[in-house]
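*Asks:* Residue numbers (the numbering used here), protein chains in the order written: chain A, 4 to 561; chain B, 634 to 982.
Ideal placement from N, C-alpha and C gives every residue a C-beta, glycine not left out.
Next up is a structure, given as structure tokens.
Here is the structure:
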């Protein structure tokens, strides 16, 4: 056949997408691999020293913390989810979304607040002393808030909503018929709950629990403030105080084993979850009417976590902010707030742009490679901030040294540190950690656009990029904005990476609050803390709206 | 398209398919769902990677081996089964979407002209979700035709419409396609739709092989394959052995057209329900029958009967006849076979 050949290869243009995706995935994982690499090839090996001194303490403390928070969030999360979905009692409709409010509260902020009111000099103990006429510490016993137990309580109060959300969704998805079948076969409501409803909801609950435990591992502010020696604190200590990078990397690697276990449990649960959705049909939920004392008990059971985890700390902060209001300090806080916003907007925007590229190339190119690349790039969400911070420091430090070396050799001058200790370093850390958020959201909204849209646009003469620009982007606008917002909020709240990676003389709201609270000056930082909580409330409201809109019988998006 | 093969994993969906759509003609791929029809369209449009074979349009190879022109450079229109109208664009902007190479005014004029052809001008400013299924279908057609494609692909274009609407839209679509004199490749699982629309029909079988191609009349009157014959509904079946160049039956010796069939070969004759004619006398050598039941469908009736004598005595058959059948009419009835509706195939196919 002597007909003219096609001008160019069809795959050529699309390959740009593949390359971009793989490069992004590589960049997102470099810090993690850098940590592992450095841990295995330490310059100055303090591993034996760590093993003989602090390691077992870190491991046991971290395990106890995880066990405590896990148990606490399970009890509160599953219990309230069951009450809210299956029973009718005063205030139930409010609690449906109100249970989520503590999500807005970072653990470190609630820790500062409770320390302030529960410590020896705080109002609670002072009132007790006055009431009973005690004169000193030795005359009575009061729980020490700055302890492992205190840390468990604080994290439980703000992390239980993860379990609540997923347990509630699982209960809603269950066919009520299964539960009723159990009861008609002679099992009472309690036994039916434990033998039918709970096992069916288990995959969802395990996902929620894994997320809780990842957050627990990630926490730095609370354990630092309470001096509870977990891995996060240990990494920080070895890095900053012992000035040993390899040691920090080695601790971080051990911590990654914990993370790997959690990620595995989560993935496993997600796989199983699919088989557990027995029926897609919703029936009206039975709605056991709880009257009198039982109704009151249910109301209190739901009210207590919300009061303790959100309302009370917010009120305290409001009061402090009012008492300690100082125009001078407010201007300073505004400056930090601007820093926070700048960083978070930057990270949010880049995270979403990157997510769009990745999700879209997976869509148009398909194939295993891109799917794996996207999952790998999203790994950062499970990795604790302290570990990522170490990784980012190692990578950027080496990069700076490399560039510096080349510049000296070839041009005879030193470039110094270009990336380390700059906004770029913090942003990079944020991106690695929160890329999963934006990617997940963008993938979800892109998934709702039928593939024939792509085909229609392409066959009408628009290329892959124009199709994205004129068809997909307008259609997924809402999802894109949500993604920016989610990353933005998490960046605003982020503490461990910001503390380690922030430039000299640069503070965000979070690090400012951390510093002031550590100096026992929470009053002065109350305004900043409130701002963080205020920002955190935004996604909670969004989530609440989704929940309010989804009623049994209508398929709700959660 | 020449020698197209396609497989998903180890499942072959297209097996050595070759077809040509002559200018201005409508070719219809007819086959059961899941037989790879849509895949073939997607390959033609460049939405699916070609695995083997080649695609040529206007004597230009647009896909062969690794060299595949991206869909946006093929100038092939595609109308999707779900219409795929862009929900964020108005009807007019949907049609203008493919006209971006023209200046805005020319594009608008062309889009309005197309909307006029499909009778949707008055809905130009509406959004897709405000339209009925039939209206969406017409907008999708206008959108596909607006950039004057060299070929239009229609994927089950009428499957989402209700029966009453379907006949009207089918007629209108055909009119618009002929008016624009555009080569069209359409896929459907509905034989009547294919008969109505097509200049040529290609019947695709289960293994993604073309079983027969030809004009609609060929497919109906000369089905070369038992599968093709059965496409149009349940058939009457007589199995037997060839004797003296024919198959002996209660309806007389059914002559076999195929000269290659040897004496003693096992053959199967399929008779369309509309190919059995009842009469009150045995003037044409019919078989005496006993009527079992009659079902009025509206424009025609299905009559089930049993043969009373001869080789097929006791066998049940069914026929279709225009109008109603009066069961109260008493008297012996004979049935004979119209040879144009009887087809012969080797057995155990």
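Mark residue 651/B as exposed unless 16 or more other C-beta atoms lie within 10 angstroms of its C-beta, in which case mark it buried.
*Replies:* Exposed, since its Cβ has fewer than 16 Cβ neighbours within 10 Å.
*Asks:* In chain B, which residues lie with their C-beta within 8 Å of the C-beta of residue 456/A?
*Replies:* The contacting residues are 717 and 719.
*Asks:* Please list, in chain order, the residues of the region 176-196 of chain A that have any C-beta partner in chain B closer than 8 Å.
*Replies:* Answer set for the region 176-196 of chain A: empty.
*Asks:* Does the beta carbon of residue 746/B sit closer than 7 Å to a beta carbon anywhere in chain A?
*Replies:* So, not an interface residue.
*Asks:* Give me, in chain order, the residues of the same chain whose beta-carbon lies closer than 8 Å to that of residue 521/A; leave out the 5 immediate sequence neighbours on both sides.
*Replies:* 227 and 228, listed in sequence order.
*Asks:* State the start and end residues of the unbroken alpha helix (DSSP H) segment that holds residue 206/A.
*Replies:* 201-221 is the extent of the alpha helix (DSSP H) around residue 206/A.
*Asks:* Consider the Cβ of residue 474/A: report whether some Cβ of chain B lies at a distance smaller than 7 Å.
*Replies:* Yes, its Cβ sits closer than 7 Å to a Cβ of chain B.
*Asks:* Report the rounded CA-to-CA distance for residue 12/A versus residue 18/A, giving the unit in angstroms.
*Replies:* Only weak support exists for where residue 12/A lies, its pLDDT of 44 falling under 50; the coordinates are left without a value.
*Asks:* If you run the structure through DSSP and keep just helix, strand and coil, what is residue 668/B?
*Replies:* Residue 668/B: coil per DSSP, three-state reduction.
*Asks:* Could you compute how far the alpha carbon of residue 468/A sits from the alpha carbon of residue 68/A?
*Replies:* Those two C-alpha atoms are separated by around 48 Å.
*Asks:* Can you tell me the Cα-Cα spacing of residue 125/A and residue 523/A, whole angstroms?
*Replies:* Going from the Cα of residue 125/A to the Cα of residue 523/A covers about 12 Å.
*Asks:* Which of the three DSSP states is assigned to residue 712/B in this structure?
*Replies:* In this structure, residue 712/B counts as strand in the three-state DSSP scheme.
*Asks:* Within a Cβ cutoff of 6 Å, which residues of the same chain sit near residue 955/B, ignoring the five residues on either side of it in sequence?
*Replies:* Here the set comprises 933.
*Asks:* Can you check which of these residues, 904/B, 962/B and 772/B, is closest to residue 720/B by C-alpha distance?
*Replies:* Comparing Cα-Cα distances from residue 720/B to each of 904/B, 962/B and 772/B, the minimum goes to 772/B.
*Asks:* From residue 735/B to residue 20/A, what does the alpha carbon distance come to, in whole angstroms?
*Replies:* The alpha-carbon atoms of residue 735/B and residue 20/A are separated by roughly 28 Å.
*Asks:* Does residue 236/A come within less than 7 Å of chain B when only Cβ atoms are used?
*Replies:* It does not: the Cβ of residue 236/A has no partner Cβ on chain B nearer than 7 Å.
*Asks:* Buried or exposed for residue 225/A, please, with buried defined as at least 16 other CB atoms from any protein chain shown within 10 angstroms of its CB.
*Replies:* Burial call: buried.
*Asks:* Mind checking whether residue 233/A and residue 39/A have CB atoms under 7 Å apart?
*Replies:* For residue 233/A and residue 39/A, no; Cβs fall outside 7 Å.
*Asks:* Mind listing the chain B neighbours of residue 55/A? Cutoff is C-beta to C-beta under 8 Å, in chain order.
*Replies:* In chain order: nothing, as chain B lies at least about 55 Å away.
*Asks:* Mapping DSSP to helix, strand and coil, what is residue 791/B?
*Replies:* Reduced to three states, the DSSP call for residue 791/B is coil.
*Asks:* For the region 93-107 of chain A, which residues have a beta carbon sitting closer than 9 Å to at least one beta carbon of chain B?
*Replies:* Answer set for the region 93-107 of chain A: empty.
*Asks:* Mind checking whether residue 195/A and residue 205/A have CB atoms under 7 Å apart?
*Replies:* Against a cut-off of 7 Å, the Cβ pair of residue 205/A and residue 195/A comes out as no contact.
*Asks:* Please list the partners that residue 709/B has in chain A, where partner means a Cβ-to-Cβ separation under 9 Å.
*Replies:* Those within 9 Å of residue 709/B in chain A are 462.
*Asks:* Is the Cβ of residue 810/B closer than 7 Å to any Cβ of chain A?
*Replies:* No, residue 810/B lies away from the interface with chain A (no Cβ there is under 7 Å from its Cβ).
*Asks:* So that I know if they touch, is there some Cβ in chain C lying closer than 7 Å to that of residue 678/B?
*Replies:* Looking for chain C here will not work: the only protein chains present are A and B.
*Asks:* Suppose only complete runs of 4+ residues qualify. What are the alpha helix (DSSP H) ranges in the region 736-800 of chain B, listed by chain order?
*Replies:* List check, alpha helix (DSSP H) in window: 737-750 and 766-778.
*Asks:* In chain order, which continuous runs of the alpha helix (DSSP H) of length 4 or greater are located wholly inside the region 306-347 of chain A?
*Replies:* 315-326, all fully within the region 306-347 of chain A.
*Asks:* Which residue or residues does DSSP assign as beta-bridge partners of residue 955/B?
*Replies:* DSSP, once it has assigned bridges, lists 933/B as partnering residue 955/B.
*Asks:* Would you say residue 466/A reaches chain B, if we count a Cβ-Cβ gap shorter than 7 Å as a contact?
*Replies:* Residue 466/A counts as touching chain B.
*Asks:* With 16 as the cutoff for other CB atoms within 10 Å, does residue 456/A come out buried or exposed?
*Replies:* By the 10 Å Cβ count, residue 456/A comes out buried.
*Asks:* Are the C-beta of residue 938/B and some C-beta of chain A separated by less than 7 Å?
*Replies:* So no, residue 938/B is outside the interface.
*Asks:* Beta-carbon within less than 8 Å of residue 152/A's beta-carbon, same chain only, minus the 5 sequence neighbours each way: which residues are those?
*Replies:* Answer for residue 152/A: 71 and 146, listed in chain order.
*Asks:* Relative to the C-alpha of residue 872/B, which candidate in 889/B, 688/B and 804/B has its C-alpha closest?
*Replies:* Here the closest residue by C-alpha is 889/B.
*Asks:* Quick check on the burial criterion: 16 or more other C-beta atoms within 10 angstroms. Buried or exposed for residue 33/A?
*Replies:* It is buried - the Cβ of residue 33/A has at least 16 other Cβ atoms within 10 Å.
*Asks:* With H, G and I counted as helix, E and B as strand and the rest as coil, what does DSSP make of residue 292/A?
*Replies:* Strand, per DSSP.
*Asks:* Look at residue 902/B and residue 922/B and say whether their C-beta atoms are less than 7 Å apart.
*Replies:* No, they are not a contact pair.
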